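Colleague: The listed protein sequences derive, respectively, from chains A and B. Start counting at 1 in the first sequence, then tack on 79, and there's your number in our numbering. Start counting at 1 in the second sequence, then tack on 79, and there's your number in our numbering. Cβ coordinates follow ideal geometry from the N, Cα and C atoms, glycine included. Note that this is a predicted model, so its numbers are computed, not measured.
Number of protein chains: 2
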Amino acid sequence: MTGRLTKLAALLATILIGAATARAAGPLASWNEGPARQAILNFVRSATDSASPEFVPPAERIATFDQDGTLWVEQPVYPQVLYAIDQVPALVEKCPDLKNQEPFRTILAGNLEAVASLPVQDFEKLFEATTAGMTVEEYSASVRTWLAKARNARWNRPFTDLAYQPMRELLEFLRTNGFKTYIVTGSGQDFVRVYSAETYGVPPEQVVGSADATRFGYDKDGKPSLTKVPKVLLNDVFGGKPEGIHLMIGRRPHAAVGNSTGDQQMLEYTKAGAGARLAMLVLHDDPEREYAYGPARGLPDSRIGTFTQGLYDEASKSGWTVISMKNDWKRIFDFEE
Amino acid sequence: MTGRLTKLAALLATILIGAATARAAGPLASWNEGPARQAILNFVRSATDSASPEFVPPAERIATFDQDGTLWVEQPVYPQVLYAIDQVPALVEKCPDLKNQEPFRTILAGNLEAVASLPVQDFEKLFEATTAGMTVEEYSASVRTWLAKARNARWNRPFTDLAYQPMRELLEFLRTNGFKTYIVTGSGQDFVRVYSAETYGVPPEQVVGSADATRFGYDKDGKPSLTKVPKVLLNDVFGGKPEGIHLMIGRRPHAAVGNSTGDQQMLEYTKAGAGARLAMLVLHDDPEREYAYGPARGLPDSRIGTFTQGLYDEASKSGWTVISMKNDWKRIFDFEE
Chain A
80 MTGRLTKLAA
90 LLATILIGAA
100 TARAAGPLAS
110 WNEGPARQAI
120 LNFVRSATDS
130 ASPEFVPPAE
140 RIATFDQDGT
150 LWVEQPVYPQ
160 VLYAIDQVPA
170 LVEKCPDLKN
180 QEPFRTILAG
190 NLEAVASLPV
200 QDFEKLFEAT
210 TAGMTVEEYS
220 ASVRTWLAKA
230 RNARWNRPFT
240 DLAYQPMREL
250 LEFLRTNGFK
260 TYIVTGSGQD
270 FVRVYSAETY
280 GVPPEQVVGS
290 ADATRFGYDK
300 DGKPSLTKVP
310 KVLLNDVFGG
320 KPEGIHLMIG
330 RRPHAAVGNS
340 TGDQQMLEYT
350 KAGAGARLAM
360 LVLHDDPERE
370 YAYGPARGLP
380 DSRIGTFTQG
390 LYDEASKSGW
400 TVISMKNDWK
410 RIFDFEE
Chain B
80 MTGRLTKLAA
90 LLATILIGAA
100 TARAAGPLAS
110 WNEGPARQAI
120 LNFVRSATDS
130 ASPEFVPPAE
140 RIATFDQDGT
150 LWVEQPVYPQ
160 VLYAIDQVPA
170 LVEKCPDLKN
180 QEPFRTILAG
190 NLEAVASLPV
200 QDFEKLFEAT
210 TAGMTVEEYS
220 ASVRTWLAKA
230 RNARWNRPFT
240 DLAYQPMREL
250 LEFLRTNGFK
260 TYIVTGSGQD
270 FVRVYSAETY
280 GVPPEQVVGS
290 ADATRFGYDK
300 DGKPSLTKVP
310 KVLLNDVFGG
320 KPEGIHLMIG
330 RRPHAAVGNS
340 TGDQQMLEYT
350 KAGAGARLAM
360 LVLHDDPERE
370 YAYGPARGLP
380 DSRIGTFTQG
390 LYDEASKSGW
400 TVISMKNDWK
410 RIFDFEE
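What follows is the structure in C-alpha cells.
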C-alpha cells in the first residue's frame, strides 16, 4: 500500500509541477492588462481567499454566461436561426402550404437581413415548426450534422470555431478556482447542449436555455421516448434568465457575464447578494476583428436584447465591468495568431 | 515550490490512507449480501471497467433517485405536506375565508388520514396558497426553520433523520465511482433543495422536482428578487420525471431508483439506452422497522404513485431489481445500531 501511495504522490507531484509550468503563461493569456482583466483577478482573489470578508464557499461558486454575443459571434443572425432556416426547404416539401405563410415566405426569399428583422413570435414559430414531433435524440443528431457542415459566411469556418478565445480562458480560469460554470442562453438549450462540452468545457447539464416542452411516450416498437412539442416552457431572456437560473440551479450566481439588455436582470440578480460578485458586459467595438454594434454602432443590434446606451450607463452606475473587445482582448479567436 | 509540493503530496497520502481505512468496512455496509447488493456491484463494475462492453464514459455517469419512499420515509404523509399543513393556521388568520374552503377545512379538522385522502388538486392548492408571494429566500428560510423544529410522530426525530442509511451509502458509492447523483422528486424542488446537500450529499443544482414558476421583479427598496407564483411549471411524476430529467440534465440516466408507479417511466427511460443500466424499486415490506405497503400491504399506498402488483410484475419482466427493505437492508436508519 505504502509503495503504491508513494508512486501516486510522485505522479501527483508531476501533474502539479506540469500545471505550474503551464500556468507560467498565466491564466487569461488572451486578455490585455487593463480594468477588465484586473476586475476578474480581483474577484477571484476575494472569492477564494478564506481570509477575505467576501470569501465564497466552494459549493456556492456559480458563474453564469450568456452565449450569443458573449461566448461566440451572434452577427449577422444567431446560429440557431441559421440552423432552423436550413431545415425549412425539407419542411416546406412535406407541408407545401407553409410556403405562403410567415416566417417561411421571408426565409425562402433568402434575404437574411429581412429574416433578422422578423418579430420574435416568428422565430418561435420557426423553431417549433422545425422541431415538433422529433425525438430529442433525432434533434441532437440533426444539429450535430448541421454543425459539422455549416460554415459562417465571413470566416468560412464552423460556427463553433467562432467562440471567443478570451471567454474560453475565463471559463477555464473560473473552473480552476472551483467555480461551476453555466451557460444561460436565450437560444434553445437542446441546441447549445450539442456542442457546449467540446466548445466551452460546459457539460449539457450546465446549460440553461430557452426550452420547449417534451412529451414522454412510446414509439411504434414500444420503446420509451421523449418527443419535442411546440409549447414554450422557458423563455430565457430578460427576467427569464434569473427565473431559469433559480429553476435549474437553485443558487444565486456570484459571477455573470452578458452583452445585452436581455442579460441585464441576470446581472442585477447576481450583484444583489453578499460575498464577492462579478458582473460583466461584452461591448462589441471591434469592427476590424469582429463587429461594432450597440453603443459602438456600425451594425444594428441583435434582435433579442440590445446593448443600449442605457445599459452602458447602468453598468457604470452598478459597478459592472464593460469588456471592450478592441482594448481588452489580445485575440478574439483561437485560430488567429 | 518543491517544498510546498512535497507537503501537499504528504497531505494527499494521509487523506488517501484515511480513505482506504474507512473503506475497510466496504461500501454498502448497511446492505446484506443478496441480489440487490449484487446488482449494484455488477452494474458499477460494468459501468466503470474500460474493458467492459457496457463501459460508461465518466461524463455520462448520471444516476437519478426518487425521494419520498425511496430515500426517506413517506408515511403516513409526505413531509412536504406536513410542512404546508403547519403553515395553514397563519394563512387562515390572514385570509379567514379559507377556513370554509377545501383543503383548508379538512386540514384544520386535524385528521391526517382524511388529509392524506384529498385529491392531488387539493395538494396543489395547498402548496400554492402557502407559498405564493414569498421570495425564494423567504420560502427556503421558512422550510429550514420548520425542519429544525418538526418531529416525525413515530420516531420523534427530525424528518431528515429518517433518510434511509443504505440509500445514502448507495448515493456515496455511485459518487465514488464517478456518478453525478440527482434527486428527481414529485415533491417541490425548492423544498428538497433546503436539506439535500446535508442529508444526501446532493447539491441543490442536482435536485429536479415539481416546481411552480417564479417571477423576477424588484422589492420596495428596488432590490431584485424572485417571487413564487401559483403556476405549475413542472409536475415531476410519471412521464413528468423523464421530461424533467431531459429539461434539467439533458442526458439519459444510467441508473434510476424509485418505489412507485410515479417512477415507472423514469426507470423505463433509463433502461432504454445502451451501456450499463441499473433500475431499482424499493419495496416497503418491513412493518417492524419501517412500513409495509404496496404489494406487501398493511398500509394504503402513498397517494401519488403506488407500488402495485402490476409494477412488481413489470419489474421482473424488465430486469429491474426489487429492493426488499426487510431482507436487503441490515439497518434502515443511521441512528439504529
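Among residues of its own chain, excluding the 5 on either side of B:GLY296, which ones have a beta-carbon nearer than 7 Å to its beta-carbon?
Modeller: Counting from one through the second sequence, the residue named residue 296 of chain B turns up at place 217. Within the same chain, B:GLY296 has close Cβ partners SER304, THR306.
Colleague: In its own chain, which residues sit with a C-beta less than 7 Å from the C-beta of A:GLY394, not counting the 5 before and 5 after it?
Modeller: Your numbering for residue 394 of chain A matches position 315 in the first sequence. Rather than Gly, the amino acid found at residue 394 of chain A in this sequence is Ala. LEU360, VAL401.
Colleague: Less than 9 Å between the C-beta atoms of B:ALA334 and B:LEU253, yes or no?
Modeller: Here the question's residue 334 of chain B lines up with position 255 in the second sequence. Here the question's residue 253 of chain B lines up with position 174 in the second sequence. Yes; because the gap between Cβ atoms is below 9 Å, this pair is in contact.
Colleague: Find the residues of chain A that neighbour B:THR293, judging by a C-beta separation of less than 7 Å, and give them in chain order.
Modeller: Here residue 293 of chain B corresponds to residue number 214 of the second sequence, with the count starting at 1. Near B:THR293 (Cβ distances below 7 Å), the residues of chain A are GLU322, HIS325.
Colleague: Establish whether the CB of B:TYR372 and some CB of chain A are separated by less than 9 Å.
Modeller: The residue labelled residue 372 of chain B in the question sits at position 293 within the second sequence. Residue-level contact check: B:TYR372 does not touch chain A, since none of the beta carbons of chain A fall below 9 Å from its beta carbon.
Colleague: Can you confirm whether B:ILE141, when its beta carbon is compared against all beta carbons of chain A, has any partner nearer than 9 Å?
Modeller: As a working note, residue 141 of chain B is residue 62 in the second sequence. Taking Cβ atoms only, chain A reaches closer than 9 Å to B:ILE141, which makes this a yes.
Colleague: Per DSSP, B:PHE412 forms a beta bridge with which residues?
Modeller: Here the question's residue 412 of chain B lines up with position 333 in the second sequence. Beta-bridge annotation (DSSP): B:PHE412 is paired with B:TYR243.
Colleague: Determine the DSSP secondary structure at B:ARG368, reduced to helix, strand or coil.
Modeller: In the second sequence, counting from the first residue as 1, residue 368 of chain B sits at position 289. Note: B:ARG368 maps to coil in three-state DSSP.
Colleague: Against A:GLN159, what residues of chain B qualify as contacts under a CB-to-CB distance less than 8 Å, listed in chain order?
Modeller: Position 80 of the first sequence, counted from the start, is the residue given in the question as residue 159 of chain A. None at all; the shortest Cβ gap to chain B is about 16 Å.
Colleague: Can you pull the chain B residues whose beta carbon is under 7 Å from the beta carbon of A:ARG272, in chain order?
Modeller: As a first step, residue 272 of chain A must be located in the first sequence, where it is residue number 193. Correct list: GLY329.
Colleague: At a CB distance below 7 Å, what residues from the region 184-218 of chain A approach chain B? Give them in sequence order.
Modeller: VAL215
Colleague: Where do the ends of the beta strand (DSSP E) carrying A:PRO309 lie?
Modeller: Working through the first sequence from its first residue, we reach residue 309 of chain A at position 230. For A:PRO309, the enclosing beta strand (DSSP E) starts and ends at 303-313.
Colleague: Scan the region 339-355 of chain A for residues whose Cβ lies nearer than 7 Å to a Cβ of chain B and list them as they occur along the chain.
Modeller: GLN344, GLU347, TYR348, ALA351
Colleague: Give a yes or no on whether 9 Å exceeds the smallest Cβ distance from B:VAL171 to chain A.
Modeller: Counted from its first residue, the second sequence places residue 171 of chain B at position 92. With 9 Å as the cut-off, B:VAL171 does not count as an interface residue toward chain A.
Colleague: Can you find a CB in chain A that lies within less than 9 Å of the CB of B:PRO283?
Modeller: If you number the second sequence from 1, residue 283 of chain B lands on position 204. Yes, B:PRO283 lies at the interface with chain A (some Cβ there is under 9 Å from its Cβ).
Colleague: Output needed for B:ARG272: all residues of its chain with C-beta closer than 6 Å, excluding positions within five of it in sequence on either side, in chain order.
Modeller: For the purposes of this step, residue 272 of chain B is taken as residue 193 along the second sequence, with counting starting at 1. Closer than 6 Å at Cβ, skipping near neighbours: PRO283, VAL286.
Colleague: Can you look up A:THR264 in the DSSP assignment and give me helix, strand or coil?
Modeller: As a first step, residue 264 of chain A must be located in the first sequence, where it is residue number 185. Three-state DSSP puts A:THR264 in a strand.
Colleague: Classify A:ASP147: buried if its beta carbon has 16 or more other beta carbons within 10 angstroms, exposed otherwise.
Modeller: In the first sequence, the residue the question calls residue 147 of chain A occupies position 68. Looking at its Cβ environment, which holds 16 or more other Cβ atoms inside 10 Å, A:ASP147 is buried.
Colleague: Determine which residues share a DSSP beta bridge with B:THR214 and list them.
Modeller: Along the second sequence, one-based indexing puts residue 214 of chain B at 135. Bridge partners of B:THR214: B:THR306.
Colleague: Contact check, A:GLY323 vs A:LEU313 under 8 Å by CB: the rounded distance?
Modeller: Counting from one through the first sequence, the residue named residue 323 of chain A turns up at place 244. Counting from one through the first sequence, the residue named residue 313 of chain A turns up at place 234. 5 Å between Cβ atoms; contact.
Colleague: Using beta-carbon positions only, say whether B:PHE270 and B:VAL336 come within less than 9 Å of one another.
Modeller: Here residue 270 of chain B is taken as the residue at index 191 of the second sequence, counted from 1. Here residue 336 of chain B is taken as the residue at index 257 of the second sequence, counted from 1. No, they are not a contact pair.
Colleague: Using a Cβ-Cβ distance under 9 Å, would B:LEU296 count as near chain A?
Modeller: Start at 1 with the first residue of the second sequence, and residue 296 of chain B comes out as number 217. For the record, residue 296 of chain B in the displayed sequence is Gly; it is not Leu. Output row for B:GLY296: interface = yes.
Colleague: Please identify, using Cβ separations under 8 Å, the residues of the region 121-150 of chain A that lie next to chain B, in order along the chain.
Modeller: ALA138, ILE141
Colleague: Whole angstroms is fine: what's the gap from A:LEU362's alpha carbon to B:GLU277's?
Modeller: Walking along the first sequence from the start, residue 362 of chain A turns up at place 283. Walking along the second sequence from the start, residue 277 of chain B turns up at place 198. Approximately 41 Å, taken between the alpha carbons.
Colleague: Please look up how many angstroms separate the CB atoms of B:PHE412 and B:GLN244, rounded, as I've assumed it's under 8 Å.
Modeller: Taking the first residue of the second sequence as position 1, residue 412 of chain B is located at position 333. Taking the first residue of the second sequence as position 1, residue 244 of chain B is located at position 165. At roughly 6 Å, the Cβ-Cβ gap stays under 8 Å, so B:PHE412 and B:GLN244 are in contact.
Colleague: Under 8 Å, with one C-beta from each stretch per pair, do the region 225-232 of chain B and the region 148-164 of chain B reach the 3-pair mark?
Modeller: yes
Colleague: Of all Cβ atoms in chain B, is any one closer than 9 Å to the Cβ of A:GLU334?
Modeller: One-based indexing of the first sequence puts residue 334 of chain A at position 255. Per the sequence shown, the amino acid found at residue 334 of chain A is Ala instead of Glu. No, A:ALA334 does not count as interfacial toward chain B.
Colleague: Give the secondary structure of A:SER381 by DSSP, where H, G and I count as helix, E and B as strand, and everything else as coil.
Modeller: As a first step, residue 381 of chain A must be located in the first sequence, where it is residue number 302. Interpretation of A:SER381 is limited by its pLDDT of 49, a score under 50 that renders its predicted location unreliable; no figure is taken from the coordinates.
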